[in-house]
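Notes follow the structure.
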Ligand code: ATR
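In the working numbering, the protein residues as written are 751 to 1030.
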């Protein structure tokens, strides 16, 4: 019997129970996935003790606790340390162990959509944005066959900080959003990791795609709406596109593997999730 869940505050409209309960069913495992709201005036350390007493064997972490939970865990995996955030915790021999599945989940979703992407020539990757979501994605991409990764952000110092926190033989550089618009033709993969384009500002695009080549793949982690203005414009220019909502499923798949040591398939859940998000 698995007792799993999510900590955060506030927790509204979380898709995680739906995803993890589908995985439990698919793997014929008995269990539950509950939402544990922890208010800012409560002690996070006490809340973690409570979870142990309730028999919780694993949980996800969402805002505002992804960083705050780290010093309270018994161990944190090296990748999560480098990212500076934990989104998945596993109880191992009575100890809480922290991981970050966001970036790896994102890259998995990208590879499912484009299986050849990292198999041939080293890729030139452009990441737009330098916020919390960027860290995991940049870190996971450093494990892939990339020739160069550019981080372009409104605030360049944030992009510089992310690069400085990682040690990798892959060349990384930073750029302003305006400078990068003129250099889009040199990238094979462009990923928006910023919140630009999210409801209700659905007409916003973080950069103009005027100079993009049609061979470039454009990806957006914004999933409300699923087809952002950036992806719509990329598709209009003949580019391959990748929708951000599938990242939710693959980061969950990876967390589920850590908790149960079983690997559910995501299969048709992408289409189902699209319907849930579109309110059908
Ligand atoms: P998260 O943790 O969800 O990634 P975040 O840390 O607030 O969210 O990061 C949001 C990202 O979107 C940042 O890169 C932010 O740019 P700044 O670092 O300059 O703040 C970017 N962003 C948000 N609104 C933007 C806008 N209107 N134009 C350009 N970038 C924007």
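Built from N, CA and C at the ideal position, the CB exists for glycine as well.
By alpha-carbon distance to residue 951, the top candidate from 854, 934, 855, 972 is 972.
Those residues having their beta-carbon less than 7 Å away from any non-hydrogen atom of the ligand ATR are, in chain order, 879, 880, 881, 882, 883, 884, 903, 904, 905, 908, 927, 943, 944, 945, 946, 954, 956. Here DSSP, grouped into helix, strand and coil, assigns residue 953 to coil. In the structure shown, residue 995 falls within a helical segment according to DSSP collapsed to helix, strand and coil. When DSSP states are grouped into helix, strand and coil, residue 917 belongs to the coil group. Counting C-beta pairs with one atom in each stretch, the stretch 821-835 and the stretch 764-779 have fewer than three that are closer than 8 Å, which means they do not touch. Rounded to whole angstroms, the Cβ separation of residue 838 and residue 804 is 18 Å, and the two are not in contact under 8 Å. Listed in chain order, the beta strand (DSSP E) runs fully inside the stretch 866-917 are 873-878, 896-902, counting runs of at least 3 residues. A check of alpha carbon separations from residue 851 across 994, 896, 890, 895 identifies 890 as the nearest. Residue 1017 is classed as exposed because its beta carbon has fewer than 16 other beta carbons within 10 Å across all chains shown. In its chain, beyond the 5 residues on either side, 777 have a beta carbon closer than 6 Å to the beta carbon of residue 1012.
Between the alpha carbons of residue 859 and residue 853 lies a distance of about 10 Å.
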